[in-house]
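As structure tokens, the structure follows; a few thoughts come after it.
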Amino acid sequence: MKRPGPVGLVILLAFAVPAVIEFRTVLSMVGIDVPARIYFPAAALVVALVVGGVLLWPEAGPEGGEGNPSRR
Amino acid sequence: MAVFADRYPEEARVVRLALASAFLALFLGGLMGPIQALHRTGYVQFLDDSTYYTVLTLHGVALALLFTIFFLVGFFHWAVTDSLDRNAESTRFSLLWYGMMVLGAAMSAVTILAGFVGQVDMSADVLFTFYAPLQAHPLFYAGLAVFLIGTWLAGVDWFRSWYHWKQAHPGERTPLRTFMVLTTMLMWYLATAGVAIAVVFFLLPWSLGLIGSVNPLLTRTLFWFFGHPVVYFWLMPVYMLWYVILPKLAGGRLFSDPLARIVFVLFLVLSVPTGIHHQYLDPGIAEGFKFLAMTNTMFLLLPSLLTAFTVVASIEHGARQRGGEGYLGWLGALPWRNPTFTGLALAGLMFAAAGFSGMVNAAMNLNYVVHNTLWVVGHFHLTVGTAVALSFMAATYWFLPLLTGREIFSERMGLAQVLLWFVGMVMMSNAMHRAGMAGVPRRTADPTYDIAFESGMGTISELRLQIALGGVILTLSLALFFANLLISWFDVGETRAATGETLPPALSGPEHAPAVLENLRLWTAIAIVLVLLTYVLPLAAIVDGSGLLGNIDRAVPMLLDLGRIALEVVA
Amino acid sequence: MEIHRYERLWFAAALVLIVAFIATVVYGAVGAGVEMIDDDGGTIDPDNWQDHEVYDEGIGVFAANDSDADYEVKMVAQHPAFSPGTVTVPENSTVRFYITSLDVIHGYDVAGTNINSMIIPGQISEFTAEFDETGEYLVVCNEYCGPNHHNMEGSIQVVPESEWNPDDALVGGDA
């Protein structure tokens, strides 16, 4: 899969923020209550690591990276 | 190559005027947004709570009526002129309808703005829906009527052009964009009948003291007769953008012209007989009528779902033309750096989400949980607030150069603007949906009560923070839009000349469309029959039950003194 | 007119989805028995509401005289208050509400539940609710009704049956 460009990253982030916020709701629905002061810093750290990782991912050329198995 | 402004200078001038009015309305209404977002969440309250409702009226009327409809008439004037490739029949007539719209808008806007000024004995704190017995100053209702008549005359302008085109091109299919405009205007004539009757025969004479009372359920039902199809009126230019412009920007062609026509005919036929779904919880309307409105509304999903297919297919076609490959990889081949493309695509994506929250609203008995809560506000900020507003803003970056002959000042600013809007709206709207599920009401200045709301998880205060933050991000986006717009319009920066653009033909062209689609009289007749079937009985029941003018003899003028009296009584 | 195969599949799926949605609503109406507010409440003259048969005993909580409900609540809404503001009922009771407006359009929304109704002058909203759980429920006016709309609230107190005292809770008389 190709590394998302800057616009793609912003779009993914736009979805990621409420998804992360609501994930805490989902956890509570299965009985895991995480206090806000623990959850949000931890989630922010995870998101920052993921974004950092994506930014470090080299932008692949036409045949770069591991290759896309679903590519025709 | 000559752009539209070179080929049709007089029509381009009318379009520019309409757009200027639209953006002025966007500015006024948009300025109110952050005030509301920060006030009702408790973060910044520099106004009286009661003034909040003046702010809210301005926000709703300026954005949902004036911004949307002024943009529509400008855009449609371009669409008809360009697709028929002929001048409007009379520039004077075009300026007449535009002038009426401006006059009507000004009349209503003055009464709303007067609500901020205590010394003036005039106000219209009745919100966008102006339900009786809340009463506005007569100028408010008169202004709405004049504005509506202006839009009706705009439709006449375009029908005239089409009529003369047909005489010069016998037997040819109507070009797609004009077909879209005509079907939309036919729907509009049908839809506005309800609110025109309510305003002209009841609310205006009542506010002038010519009649003693009105039947609140009747005027409310007549409003919603109009209130649902008006959202499709706002959406139809967006659909034109998604069907006609978006594929071209993606590097491709519209997947199917006939299907686009079918979708617009479906909207003409199905948009109006659904209004009672805004009244599921009203007393005085039998459950059977509500059930019928529900099934009509559910079938109204069909044209939108069909649109989703065609638009995505068209974009995918474009992406593959640009070299995109794979089941999903082609997404990367799209022109995401183009603010118009990205804005329209994101607006379309949001609209899909909005459709789902709309299905919840439409699901009659499920509506109990969301009616008049902040959920509804979250829903319509996705639909009119993003699908429509973001598409219009994104389209401006493509459209304005055709009208001024100059490129936009900064594509990067445009891209940042559309992305910020998307980010802010996702955050704000999601929180609004959740707050609504907890019961937080809409249209309320400071929804803190003696008993607290309970949300599923997390607290209401977290949701308030997201709403405030989302609102602030949206305001930043709006500021970027206006900066870019003003610099481009007044040519402050040195910008390049715009190059003309052609719209490629559809993959499956109009010649494949069944001839019966051209028979607009047939579709209008069917639309009218459906409206009669849906509305005659409930309206008759309301009039039968409590009279044409109601059996209540009260008006509650939304004047500032009333506010002060009420406060004295309560305090 | 040529329609692509995928498009035909999508069209069929869209129709299935629409029919499924309608089916769930029908289930809610017929299976789960959720009735919509309708015209059963009848009409009323807001200036002479006390003369109407629904309000012949005034406002308050009353014992119901039929098998479909245990208690009846007779209420009026007038900016910026509901009268009575607080309603107390025992747990596991079925309560029928009659509400009308004496001035403008209001909403009656019990936050966190599916009790939600428009209150329109000239019309009586009639609906029946079952209160299975004890607790204190916030009632919000959710239709803009004037400059003090945001202060318009009420409550429903659902108390354990052991704490329920009909002599205190059931009232009669005038507003």
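Chains as they are written, first to last, in my numbering: chain S, 1 to 72; chain Y, 1001 to 1571; chain C, 2001 to 2175. Beta carbons are placed, not taken as given, at the ideal position from N, Cα and C, and that holds for glycine. Given the structure is predicted, the values throughout are model-derived calculations rather than measurements.
Can you pull the chain Y residues whose beta carbon is under 9 Å from the beta carbon of S/G8, in chain order?
-> For S/G8, the neighbours in chain Y by C-beta distance under 9 Å run, in chain order, L1331, G1332 and W1336.
Review point. Is Y/A1347 near Y/A1387, with beta carbons less than 8 Å apart?
Key: A contact, by the Cβ cut-off of 8 Å.
DSSP on C/G2154, reduced to helix/strand/coil? In the three-state scheme derived from DSSP, where H, G and I count as helix and E and B as strand, C/G2154 is classed as strand.
| said: Please list the terminal residues of the continuous beta strand (DSSP E) segment that includes C/I2099. | reply: Looking at the DSSP string, the run of the beta strand (DSSP E) that includes C/I2099 is S2093 to S2101.
Exercise. Step through the CB atoms of chain A and report whether any lies within less than 8 Å of the CB of C/Q2123.
Key: The chain inventory of the structure shown lacks chain A, comprising the protein chains S, Y and C.
* Asked: Who are the neighbours of Y/N1430 on chain S, taking C-beta pairs under 7 Å?
  -> P18, listed in chain order.
*asked:* Quick check: is the beta carbon of C/D2038 nearer than 8 Å to any beta carbon in chain Y?
replied: Yes, because at least one Cβ of chain Y sits closer than 8 Å to the Cβ of C/D2038.
Using 8 Å as the limit for Cβ to Cβ distance, is Y/M1427 near chain S?
For Y/M1427, the nearest beta carbon of chain S is closer than 8 Å to its own beta carbon.
_Pull the bridge partners of C/F2062 from the DSSP assignment, please._
Answer by DSSP bridge pairing, in chain order: C/E2072.
Q) If the cut is a Cβ gap below 7 Å, which residues of chain Y does S/A14 touch? A) The answer, in chain order, is F1422, V1423 and V1426.
Inset, instruction - Would you list, in chain order, the members of the stretch 1352-1379 of chain Y that have their beta-carbon closer than 9 Å to a beta-carbon of chain C? - result: Those residues of the stretch 1352-1379 of chain Y placed with their C-beta closer than 9 Å to a C-beta in chain C are M1359, A1362, A1363, M1364, N1365, L1366, N1367, Y1368, V1369, V1370, H1371, N1372 and T1373, ordered along the chain.
Nearest-angstrom Cα separation, counted from C/M2075 out to C/L2015: Cα to Cα, C/L2015 sits roughly 44 Å from C/M2075.
Using a Cβ-Cβ cut-off of less than 8 Å, list which residues of the stretch 1256-1289 of chain Y approach chain C; keep chain order. Residues of the stretch 1256-1289 of chain Y that bring their beta carbon within less than 8 Å of a beta carbon in chain C comprise S1256, P1258, L1259, Q1279, Y1280, L1281, D1282, P1283, G1284, I1285, A1286 and E1287, in sequence order.
Residue from Y/I1285, Y/F1299 and Y/L1403 with nearest C-alpha to Y/P1216 = When each option's Cα is compared against that of Y/P1216, the closest is Y/I1285.
Interface partners of S/I38 on chain Y, CB under 9 Å: Neighbourhood of S/I38 in chain Y, by CB distance below 9 Å: empty, with the nearest CB roughly 13 Å away.
Counting only beta-carbon separations shorter than 8 Å, does Y/L1419 have a partner in chain S?
At least one chain S Cβ lies under 8 Å of Y/L1419.
* **Contacts that C/A2029 makes with chain Y (C-beta to C-beta distance below 9 Å)** => In chain order: E1287, F1291, M1364 and N1365.
Check: Would you call the stretch 2070-2087 of chain C and the stretch 2140-2154 of chain C in contact, with 3 or more CB pairs under 8 Å?
Finding: Yes, the stretch 2070-2087 of chain C touches the stretch 2140-2154 of chain C.
Boundaries (first-last residue) of the beta strand (DSSP E) holding C/A2081
First-last of the beta strand (DSSP E) with C/A2081: A2081 to S2083.
- Task: Output the residue ranges of the alpha helix (DSSP H) runs that lie fully inside the stretch 1220-1251 of chain Y and measure 4 residues or longer, sorted by chain position.
- Result: Annotation: the stretch 1220-1251 of chain Y contains the following complete segments of the alpha helix (DSSP H) (minimum length 4 residues), in chain order: 1229-1240 and 1246-1249.
I think Y/A1114 touches Y/V1126, with their Cβ atoms under 8 Å apart; what is that distance to the nearest whole Å?
Between Y/A1114 and Y/V1126, the beta carbon gap of about 13 Å keeps them out of contact (Cβ cut-off 8 Å).
Just the C-alpha distance for Y/T1041 and Y/R1464, rounded to the nearest angstrom, thanks. The alpha-carbon separation between Y/T1041 and Y/R1464 amounts to approximately 5 Å.
- [ ] Would you mind stating whether Y/R1177 and Y/V1244 have Cβ atoms separated by less than 8 Å?
- [x] Yes. Within cutoff.
Exercise for the section: Give a yes or no on whether the C-beta atoms belonging to Y/Q1417 and Y/S1461 are separated by under 8 Å. Expected result: No. Outside cutoff.
*Would a check of beta-carbon distances place S/I32 closer than 8 Å to chain Y?*
Judged by the 8 Å Cβ criterion, S/I32 is not in contact with chain Y.
Original post:
Within 8 Å (strictly less), CB to CB, does Y/T1342 reach chain S?
Top reply: Chain S, which has a Cβ nearer than 8 Å to the Cβ of Y/T1342, makes this yes.
_At the 8 Å Cβ level, is C/W2010 part of the contact set with chain Y, yes or no?_
Yes, C/W2010 lies at the interface with chain Y (some Cβ there is under 8 Å from its Cβ).
Worksheet item: What does a CB cutoff of less than 7 Å around S/R24 pick up in its chain, not counting 5 residues either side in sequence?
Response: The beta carbon of S/R24 sits closer than 7 Å to those of V34 and Y39, all from its chain and outside the five residues before and after it, given in chain order.
- Task: Specify, as a first and last residue, the run of the alpha helix (DSSP H) that Y/M1185 falls within.
- Result: From DSSP, the alpha helix (DSSP H) with Y/M1185 extends over L1176 to I1197.
Practice task
Quick one: residues in its chain with C-beta nearer than 7 Å to the C-beta of C/V2140, no 5 flanking neighbours on either side, listed in chain order?
Solution key: Excluding positions up to five away in sequence, the list reads D2109, A2111 and E2153.
Where does Y/W1398 land, buried or exposed, given buried means 16+ other C-beta within 10 angstroms? The residue in question, Y/W1398, is buried, as its Cβ has 16 or more Cβ neighbours within 10 Å.
Sorted by chain position, which residues of the same chain lie with C-beta nearer than 7 Å to Y/L1302's C-beta, five sequence neighbours on each side aside?
Around Y/L1302: L1266.
Notebook entry, point to check: With 16 other CB atoms within 10 Å as the buried threshold, where does C/Q2050 fall?
Noted result: Within a 10 Å sphere around the beta-carbon of C/Q2050 sit fewer than 16 other beta-carbons, which makes this residue exposed.
- Contact under 8 Å by Cβ, C/F2131 with C/V2158: In this structure, C/V2158 lies closer than 8 Å to C/F2131 by Cβ.
* Counting contacts by CB-CB distance shorter than 8 Å, is Y/A1018 in contact with chain S? -> So, not an interface residue.
request  = Have a look at Y/S1050 and Y/Q1119 and give me their C-alpha separation to the nearest angstrom.
outcome  = Looking at the two C-alpha atoms, the distance is approximately 16 Å.
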